[in-house]
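**Q** Okay, here's the structure, questions in a sec.
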Amino acid sequence: MSNKTNTKKSKNLVSAGVFIALYFVVFLVIGCCCMPLPPLYLCMSSLIALVAAPVYLMLLNKAPMHGPVFIAAMLPCLFLLLQGNIWVVAVTGVIAGILAEIIAGAGNFRNHKLNVLSYAFFSQNLLGGFLPIWIMRDYYFADTLERGMSADFCNTLEAMTPIWVLYLMIAGTVVFALIGCVIGKRMFKKHFEKAGMV
Numbered sequence: 001m002s003n004k005t006n007t008k009k010s011k012n013l014v015s016a017g018v019f020i021a022l023y024f025v026v027f028l029v030i031g032c033c034c035m036p037l038p039p040l041y042l043c044m045s046s047l048i049a050l051v052a053a054p055v056y057l058m059l060l061n062k063a064p065m066h067g068p069v070f071i072a073a074m075l076p077c078l079f080l081l082l083q084g085n086i087w088v089v090a091v092t093g094v095i096a097g098i099l100a101e102i103i104a105g106a107g108n109f110r111n112h113k114l115n116v117l118s119y120a121f122f123s124q125n126l127l128g129g130f131l132p133i134w135i136m137r138d139y140y141f142a143d144t145l146e147r148g149m150s151a152d153f154c155n156t157l158e159a160m161t162p163i164w165v166l167y168l169m170i171a172g173t174v175v176f177a178l179i180g181c182v183i184g185k186r187m188f189k190k191h192f193e194k195a196g197m198v
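Taking this note's numbering, the leading residue of the sequence shown gets 1, the next gets one more, and so forth.
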């Protein structure tokens, strides 16, 4: 019994590593595509939430345990910190990761509705990368310019970001996360279940 338990745990950990890595790849690819253009930059978290939803649901399905969700939430935040981003990104990563873990864990990671709600909170993990646009405005644009972005990028972004854009970003990320979960569920039924992956 102990060997079976250890084997299952090992498989779960391997699966967790695979899907955490996939989520990070989604983050990198979409981030690189969005970064140069201010309108796309502001849509980045929503687009990641949309595309990464099936990956998140698979993570919960293949590794139903505490830990992987928090790691997945924090990994891109730590990457952004290493790239010179403001520390706020780590705070939102921690909060989003913990809340997502608690909500999904309440249903033993098997309740689809709770998993979707969990993802809605999880998808706000990158919010801290954008919050300084509004809460540390002068510092943010000076720091962004110093880190190599063009003055044109900074000026355009500043002009596009009245306070209501922050609320729109938060709401948009939730909406796209929910849409992504609907798409993910359909993918499971059409492809993954037939292939025996879930």
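Where a beta carbon is used, it is the ideal one built from N, C-alpha and C, also for glycine.
Within this structure, are the beta carbons of L221 and A90 separated by less than 8 Å?
**A** The displayed coordinates of the chain run from 1 to 198. Any statement about residue 221 would go beyond what the structure contains.
**Q** How is N12 classed by DSSP in three states: helix, strand or coil?
**A** Note: N12 maps to helix in three-state DSSP.
**Q** So, under 8 Å CB-CB, A104 and P68 are touching, yes? Tell me the CB distance rounded to an integer number of Å.
**A** Not a contact, Cβ separation roughly 10 Å.
**Q** Please check the pair A120 and V174, which I expect to be a contact at CB under 8 Å, by giving their CB distance rounded to whole angstroms.
**A** That belief holds up - the Cβ atoms of A120 and V174 are roughly 5 Å apart, short of 8 Å.
**Q** For S46 and K9, I'd like the C-alpha separation in whole angstroms.
**A** Taking the straight line from one Cα to the other gives about 33 Å.
**Q** So the alpha helix (DSSP H) N111 belongs to, where does it begin and stop?
**A** Element bounds for N111: n/a, residue is neither H nor E.
**Q** Within the same chain, show all residues whose beta-carbon is closer than 8 Å to that of C59, passing over the 5 residues directly before and after it, in chain order.
**A** Looking at the sequence shown, residue 59 is not Cys but Leu. The answer, listed in chain order, is S15, A16, F19, I20, Y23, P68, V69 and A72.
**Q** In its own chain, which residues sit with a C-beta less than 6 Å from the C-beta of M160, not counting the 5 before and 5 after it?
**A** Cβ neighbours of M160 beyond the five flanking positions: P38.
**Q** Taking the beta carbon of G148 as the centre, do at least 16 other beta carbons fall within 10 Å, making it buried, or is it exposed?
**A** G148 is exposed by the Cβ-count criterion.
**Q** Taking the continuous alpha helix (DSSP H) assigned at L178, which residues delimit it?
**A** Residues I163 to M187.
**Q** Counting pairs of Cβ atoms below 8 Å between the segment 109-126 and the segment 51-65, do you hit three or more?
**A** With a cut-off of 8 Å, the segment 51-65 and the segment 109-126 count as touching, because enough Cβ pairs lie within range.
**Q** Span of the alpha helix (DSSP H) holding S45?
**A** From DSSP, the alpha helix (DSSP H) with S45 extends over P38 to K62.
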